[in-house]
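Asks: Here you go, one structure.
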Amino acid sequence: MSRAQQKAPNMQDAADDTVPAGYDGAVFTCPMHPEVRRTAAGDCPKCGMHLLPEGEAADPAEHHQGHSHVAGAAAGQYDSIPAEWSGPIYTCPMHPEVRQTKPGSCPICGMGLELESAAMAEEGPNPELVDFTRRFWVGATLTVPLLVLTMGPFVGLGGVREIFGERATLWIEFILGTPVVLWSGWPFLVRGWNSFRTMNLNMFSLIGMGVLAAWLFSVVAVLAPEIFPAGFRDAEGHVGVYFEAAAVIVTLVLLGQVMELRAREGTGKAIRALLDMAAKSARRIRADGKEEEVPLEEVQVGDRLRVRPGEKVPVDGTVVEGRSSVDESMISGEPVPIEKTPGAPVTGATINGTGSLVMEATRVGADTMLSQIVEMVANAQRSRAPIQKYADKVAGYFVPAVIGIAALSFIAWAIWGPAPALSYALVSAVAVLIIACPCALGLATPMSIMTATGRGAQAGVLIKNAEALERFEKVDTLIVDKTGTLTEGKPRLVAVLPEPGHDEVEVLRLAASLERGSEHPLAEAIVRGAEERRVELAEATDFEAVTGKGVTGKVDGKPVALGNRALVEELGLDPAALAEKANARRDEGETVMFVLLGREIAGLVSVADPVKETTPAALKALHDLGFRIIMATGDNERTAKAVASRLGIDEIRADVLPEDKARIIRELQEQGYSVAMAGDGVNDAPALAQADVGIAMGTGADVAIESAGFTLVKGNLDGIVRARRLSQATMRNIRQNLFFALVYNAAGVPIAAGILFPWFGILISPMFAAFAMSASSISVVLNSLRLRTLRF
0 MSRAQQKAPN MQDAADDTVP AGYDGAVFTC PMHPEVRRTA AGDCPKCGMH
50 LLPEGEAADP AEHHQGHSHV AGAAAGQYDS IPAEWSGPIY TCPMHPEVRQ
100 TKPGSCPICG MGLELESAAM AEEGPNPELV DFTRRFWVGA TLTVPLLVLT
150 MGPFVGLGGV REIFGERATL WIEFILGTPV VLWSGWPFLV RGWNSFRTMN
200 LNMFSLIGMG VLAAWLFSVV AVLAPEIFPA GFRDAEGHVG VYFEAAAVIV
250 TLVLLGQVME LRAREGTGKA IRALLDMAAK SARRIRADGK EEEVPLEEVQ
300 VGDRLRVRPG EKVPVDGTVV EGRSSVDESM ISGEPVPIEK TPGAPVTGAT
350 INGTGSLVME ATRVGADTML SQIVEMVANA QRSRAPIQKY ADKVAGYFVP
400 AVIGIAALSF IAWAIWGPAP ALSYALVSAV AVLIIACPCA LGLATPMSIM
450 TATGRGAQAG VLIKNAEALE RFEKVDTLIV DKTGTLTEGK PRLVAVLPEP
500 GHDEVEVLRL AASLERGSEH PLAEAIVRGA EERRVELAEA TDFEAVTGKG
550 VTGKVDGKPV ALGNRALVEE LGLDPAALAE KANARRDEGE TVMFVLLGRE
600 IAGLVSVADP VKETTPAALK ALHDLGFRII MATGDNERTA KAVASRLGID
650 EIRADVLPED KARIIRELQE QGYSVAMAGD GVNDAPALAQ ADVGIAMGTG
700 ADVAIESAGF TLVKGNLDGI VRARRLSQAT MRNIRQNLFF ALVYNAAGVP
750 IAAGILFPWF GILISPMFAA FAMSASSISV VLNSLRLRTL RF
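Using numbering that gives the first Met the number 0, read the sequence shown as starting at 0 and increasing by one per residue.
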């Protein structure tokens with residue numbers, strides 16, 4: 000590595016360390032990027048993980064505990080989770096910074112809190128849904144006769160009031176309407192009060208004000224009608240009461256909340272469906288060979304399990320005996336069963352075919368892929384897209400503005416309205432407060448995100464957060480790694496080409512003996528090729544991997560090296576004499592490596608990695624979706640060109656070292672491109688973090704998956720096609736929702752204030768305002784749920 004290459008990372012590290020010299024306070028750093036050091040808690044600028052106190056970040060075992068602690072520091076008053084807490088955590092679907100140890104309502108928006116971990120969700124209906132449903136039916140039962148009593152004269156039932164008399168009728172309205180307001184509507188009143196107490200004004204601020212204004216006015220009108228001035232009295236001297244308006248508002252809002260809660264449960268169906276996939280028990284093979292059926296919770300790592308034909312694979316593991324085809328469609332979205340033989344990995348919840356398998360458990364409980372998918376989907380559903388910030392900003396100004404408009408409306412009607420002017424003023428003000436509730440605006444983004452992440456999980460596309468989903472719509476450049484992304488990632492030895500004075504077996508023996516100490520896929524191919532040809536290998540000593548170039552060491556006490564042209568030149572040799580022979584293999588898309596023995600080149604070994612069957616069609620679809628595709632690979636330029644020309648890739652970056660990928664992405668970003676990176680290796684993690692959107696292959700390294708915004712369970716490029724279409728559909732859906740909500744409020748508020756009354760005599764009642772408000776929220780919910788039927 001040159002001095003320039005060594006210097007660049009150090010300069011970058013310095014840029015990531017903002018702790019001033021002499022600072023002796025708390026320092027926060029990233030568990031994945033320790034070069035990131037800050038004097039305050041926050042998120043890592045590279046991977047987005049929470050920064051932890053420097054001592055805690057060094058210990059991965061304390062990561063979870065540190066996460067809770069720092070999240071609390073960052074979220075302040077809205078996160079009350081103790082650092083040592085390990086029980087259920089409740090959070091708000093719209094404000095994930097709100098986290099507490101017991102259920103309740105969000106102090107910001109008033110919504111009911113939900114469990115943060117899907118795995119802790121108990122069987123059965125949502126308690127809030129049960130409670131609101133009960134309150135709705137009680138409210139509806141009392142509201143219907145109240146409406147008959149008050150609206151009877153307008154539909155030919157005027158005799159009802161005559162039977163009871165005017166005064167008795169008012170008391171009946173009081174008796175019917177008060178329980179609706181004070182019991183059925185109690186949750187709204189409490190949330191409205193809390194919104195004013197904390198000054199987090201929200202939809203419940205407006206509902207509480209409107210309902211209480213109508214109800215309190217009516218109560219005073221029943222108990223002490225003589226205190227009202229003439230402006231509140233009709234031509235007959237009566238003071239109007241609005242028990243029916245208050246009751247209908249509460250009942251309709253409850254109906255809207257019940258429908259919304261049912262819809263939110265619908266967005267969680269993807270998680271519940273994933274949880275239901277898991278087997279409930281496993282057939283364990285004991286040490287004495289006998290088999291026993293045990294609950295899934297009792298399975299331990301290392302247990303041998305039998306999977307009979309048609310049964311679900313209980314946990315993640317490796318096949319040790321038997322042969323069968325396994326249906327993995329519920330995890331990967333791919334419909335074709337995968338053949339499994341000894342040594343093949345199997346995933347919990349997939350379905351065995353007609354053969355019998357014996358497997359060894361490697362991951363159980365929360366470590367299984369299914370459990371990780373469930374948590375990733377749940378986390379993504381609670382995350383917030385950047386576009387939500389605009390909706391929040393509008394809502395933050397909107398509620399105080401509506402209260403001001405309601406006050407102005409009251410004043411205008413009181414001064415210029417017809418008799419009884421003050422009654423008209425009250426009706427207008429209450430209608431403004433109710434119709435302008437910003438619940439549709441608040442639901443516009445979260446409902447779409449929750450539905451989309453669940454739909455993505457069903458198609459094998461796991462979304463880490465809503466920000467990645469939003470950003471991916473704007474991406475115009477896609478950088479893909481070759482090995483394991485375009486190709487199967489299982490290279491095989493194709494040819495051994497010895498130089499004069501050396502034979503094929505000797506060259507292969509030297510290369511394979513040295514590569515036994517490497518974990519690189521190309522090394523595995525050479526070792527496997529030697530074993531298949533029954534070449535006896537020797538022990539290698541002084542093994543050293545030279546990043547991006549190859550490996551060196553000693554075999555039988557002699558210095559041996561294996562690598563690319565750069566390694567040969569670094570060791571002071573000239574590979575030009577073998578250029579023609581090497582290039583001929585590279586033109587076939589093969590990777591060629593030089594085998595050096597002492598101070599001479601002993602020969603070449605050639606390795607090929609087959610292109611995945613799904614890659615050509617996926618690349619064509621990606622081009623159709625507007626991507627410019629760049630392949631970044633450590634392979635020789637000639638090999639890279641051969642693969643790129645065959646697949647129709649737009650550009651290549653060859654002979655790329657791991658740290659160069661992040662640099663290439665930065666350069667493209669500086670040129671104004673929005674860049675996504677798809678990769679699967681540990682060395683891809685920095686590039687995945689640098690990209691606007693990182694896409695990790697689910698078959699790759701954990702650190703790559705942690706750095707990415709998307710994870711493709713199957714690891715094929717057609718998953719990127721599905722991710723792009725999902726991103727586009729989701730953002731289109733969010734914009735539709737915001738349009739519905741904003742246009743509705745822009746039209747509804749002035750109409751409720753009475754702007755049409757001078758010309759058309761139209762003044763909507765608070766009851767109609769409540770109906771319209773509920774209808775707007777339901778339209779947003781139903782539009783979001785359309786994403787569940789999205790076809791890729």
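The beta carbon of each residue, even a glycine, is placed where N, CA and C say it ideally should be.
Can you tell me whether residue 86 is buried or exposed, with buried defined as 16 or more other CB within 10 angstroms of its CB?
Replies: Taking the sequence shown and counting its residues from 1, one reaches residue 86 at position 87. Residue 86 should be labelled exposed.
Asks: Can you tell me the Cα-Cα spacing of residue 202 and residue 778, whole angstroms?
Replies: The residue given as residue 202 occupies position 203 in the sequence shown. The residue given as residue 778 occupies position 779 in the sequence shown. Cα-Cα distance, rounded: 17 Å.
Asks: Going by CA-CA distance only, name the one from 94, 463, 551, 545 that's closest to residue 509.
Replies: Position 510 of the sequence shown, counted from the start, is the residue given in the question as residue 509. For residue 509, the nearest C-alpha among the options comes from 551.
Asks: To the nearest angstrom, report how far apart residue 186 and residue 669 are at their CA atoms.
Replies: One-based indexing of the sequence shown puts residue 186 at position 187. One-based indexing of the sequence shown puts residue 669 at position 670. C-alpha separation (whole angstroms): 51 Å.
Asks: Tell me which same chain residues have a C-beta within less than 8 Å of the C-beta of residue 279, skipping the five on either side of it?
Replies: Within the sequence shown, numbered from 1, the residue matching residue 279 stands at position 280. Cβ within range, chain order: 294, 295.
Asks: If residue 673 sits next to residue 691, beta carbons under 8 Å apart, how far is it from one beta carbon to the other, in whole angstroms?
Replies: For the purposes of this step, residue 673 is taken as the residue at position 674 of the sequence shown. For the purposes of this step, residue 691 is taken as the residue at position 692 of the sequence shown. The Cβ separation is near 5 Å, so the contact holds.
Asks: Looking at the strands, I want to know which residues DSSP matches up with residue 358.
Replies: To locate residue 358, count along the sequence shown from 1; it is residue 359. For residue 358, which the question treats as bridged, DSSP gives the partners 304, 318.
Asks: Kindly give me the distance between the Cβ atoms of residue 740 and residue 430, rounded to whole angstroms, as I take these residues to be in contact under 8 Å.
Replies: Within the sequence shown, numbered from 1, the residue matching residue 740 stands at position 741. Within the sequence shown, numbered from 1, the residue matching residue 430 stands at position 431. Rounded, the Cβ-Cβ distance is 18 Å, inconsistent with contact.
Asks: Report the CB separation of residue 450 from residue 783 in whole angstroms; it is logged as a contact under 8 Å.
Replies: Stepping through the sequence shown from its first residue, residue 450 is reached at position 451. Stepping through the sequence shown from its first residue, residue 783 is reached at position 784. Rounded, the Cβ-Cβ distance is 5 Å, consistent with contact.
Asks: Out of 168, 297, 362, 140, state which residue places its alpha-carbon closest to the alpha-carbon of residue 317.
Replies: Sequence index remark: in the sequence shown, residue 317 carries index 318 (1-based). When only C-alpha atoms are compared, the closest one is 362.
Asks: Tell me, which residues are paired with residue 420 by DSSP?
Replies: Position 421 of the sequence shown, counted from the first residue, corresponds to residue 420. Its beta-bridge partners do not exist; DSSP assigns none.
Asks: Note down the Cα distance separating residue 243 from residue 174, rounded to an integer number of angstroms.
Replies: Taking the sequence shown and counting its residues from 1, the one referred to as residue 243 is at position 244. Taking the sequence shown and counting its residues from 1, the one referred to as residue 174 is at position 175. Looking at the two C-alpha atoms, the distance is approximately 11 Å.
Asks: Given a cut-off of 9 Å on the beta-carbon distance, is the pair residue 511 and residue 526 in contact?
Replies: Position 512 of the sequence shown, counted from the start, is the residue given in the question as residue 511. Position 527 of the sequence shown, counted from the start, is the residue given in the question as residue 526. It is a contact, given that the beta carbons lie within the stated cut-off.
Asks: Measuring alpha carbon to alpha carbon, tell me which residue in 178, 729, 496, 143 is nearest residue 462.
Replies: On the sequence shown, residue 462 is found 463 positions in, with the first residue counted as 1. Closest option to residue 462, Cα to Cα, is 729.
Asks: Taking 9 Å as the threshold (C-beta atoms), are residue 660 and residue 671 in contact?
Replies: As a first step, residue 671 must be located in the sequence shown, where it is residue number 672. As a first step, residue 660 must be located in the sequence shown, where it is residue number 661. No. Outside cutoff.
Asks: I need the straight-line Cα distance from residue 486 to residue 708, nearest angstrom please.
Replies: Residue numbering aside, residue 486 sits at position 487 when the sequence shown is read from its first letter. Residue numbering aside, residue 708 sits at position 709 when the sequence shown is read from its first letter. Near 22 Å, if we compare the C-alpha coordinates of residue 708 and residue 486.
Asks: Considering residue 640, what are the terminal residues of the beta strand (DSSP E) in which it resides?
Replies: On the sequence shown, residue 640 is found 641 positions in, with the first residue counted as 1. Per DSSP, residue 640 belongs to no beta strand (DSSP E); it is in the alpha helix (DSSP H), 636–646.
Asks: Can residue 553 and residue 566 be called in contact, C-beta distance under 9 Å?
Replies: Along the sequence shown, one-based indexing puts residue 553 at 554. Along the sequence shown, one-based indexing puts residue 566 at 567. Result no, Cβ atoms of residue 553 and residue 566 do not sit closer than 9 Å.
Asks: Below 8 Å, how does it come out for the segment 127–134 and the segment 200–220: are there three or more Cβ pairs, yes or no?
Replies: no
Asks: In this structure, does DSSP put residue 553 in helix, strand or coil?
Replies: The residue given as residue 553 occupies position 554 in the sequence shown. Residue 553 falls in the strand class under three-state DSSP.
Asks: Would you mind sorting residue 781 into buried or exposed? The rule is 16 or more other CB atoms within 10 Å of its CB.
Replies: Taking the sequence shown and counting its residues from 1, one reaches residue 781 at position 782. Answer is exposed; the Cβ neighbour count stays below 16.
Asks: For residue 573, count neighbouring C-beta atoms within 10 Å of its own C-beta (all shown protein chains included) and say buried if the count is 16 or more, exposed if not.
Replies: In the sequence shown, residue 573 corresponds to position 574, counting from 1. Under this definition residue 573 is an exposed residue.
Asks: Quick check on this structure: which residue in 474, 656, 586 has the alpha carbon closest to the alpha carbon of residue 545?
Replies: Working through the sequence shown from its first residue, we reach residue 545 at position 546. Each of 474, 656, 586 was checked against the Cα of residue 545, and the nearest Cα belongs to 656.
Asks: According to DSSP, is residue 517 helix, strand or coil?
Replies: Mapped onto the sequence shown, residue 517 falls at position 518. In the structure shown, residue 517 sits in coil (DSSP, three-state: anything other than H, G, I, E or B).
Asks: Which value, in whole angstroms, describes the spacing of the CA atoms of residue 641 and residue 583?
Replies: Taking the sequence shown and counting its residues from 1, the one referred to as residue 641 is at position 642. Taking the sequence shown and counting its residues from 1, the one referred to as residue 583 is at position 584. Approximately 11 Å, taken between the alpha carbons.
Asks: For the putative contact between residue 321 and residue 355, defined by C-beta atoms under 8 Å, what is the C-beta separation to the nearest angstrom?
Replies: The residue given as residue 321 occupies position 322 in the sequence shown. The residue given as residue 355 occupies position 356 in the sequence shown. The Cβ separation is near 5 Å, so the contact holds.
Asks: Return helix, strand or coil for residue 672, following the three-state DSSP convention.
Replies: On the sequence shown, residue 672 is found 673 positions in, with the first residue counted as 1. Note: residue 672 maps to coil in three-state DSSP.
Asks: Under the three-state reduction of DSSP, which class applies to residue 754: helix, strand or coil?
Replies: In the sequence shown, the residue the question calls residue 754 occupies position 755. Residue 754: coil per DSSP, three-state reduction.
Asks: Quick one: Cα of residue 168 to Cα of residue 412, how far?
Replies: Counting from one through the sequence shown, the residue named residue 168 turns up at place 169. Counting from one through the sequence shown, the residue named residue 412 turns up at place 413. Approximately 28 Å between the Cα atoms of the pair.
Asks: I need the straight-line Cα distance from residue 465 to residue 452, nearest angstrom please.
Replies: As a first step, residue 465 is located in the sequence shown; it is residue number 466 there, counting from the start. As a first step, residue 452 is located in the sequence shown; it is residue number 453 there, counting from the start. Distance between the alpha carbons of residue 465 and residue 452: 8 Å.
Asks: Check this for me: beta carbons of residue 277 and residue 347, under 9 Å apart or not?
Replies: Translated into positions along the sequence shown, residue 277 becomes position 278. Translated into positions along the sequence shown, residue 347 becomes position 348. Yes.
Asks: Comparing C-alpha positions only, which one of 292, 282, 568, 179 sits nearest to residue 253?
Replies: The residue labelled residue 253 in the question sits at position 254 within the sequence shown. The residue with the shortest Cα to Cα distance from residue 253 is 179.
Asks: Short of 7 Å in beta carbon distance, which residues of its chain neighbour residue 204, apart from the five on each side in sequence? Order them along the chain.
Replies: Mapped onto the sequence shown, residue 204 falls at position 205. In the same chain as residue 204, and ignoring 5 residues on each side of it, the C-beta atoms closer than 7 Å to its own belong to 191, 194, 195, 398, in chain order.
Asks: Rounded to whole angstroms, what's the CA-CA distance from residue 428 to residue 209? Just pull it up for me.
Replies: Mapped onto the sequence shown, residue 428 falls at position 429. Mapped onto the sequence shown, residue 209 falls at position 210. Residue 428 and residue 209: Cα-Cα distance of roughly 8 Å.
Asks: Please say whether residue 651 and residue 676 have beta carbons closer to each other than 9 Å?
Replies: Within the sequence shown, residue 676 is the residue found at index 677, counting from 1. Within the sequence shown, residue 651 is the residue found at index 652, counting from 1. No; because the gap between Cβ atoms is not below 9 Å, this pair is not in contact.
Asks: Once you ignore the five residues that flank residue 747 on each side, which residues in its own chain have a CB closer than 7 Å to its CB?
Replies: On the sequence shown, position 748 is the one that residue 747 refers to. Excluding sequence neighbours, residue 747 sits near 434, 435, 771.
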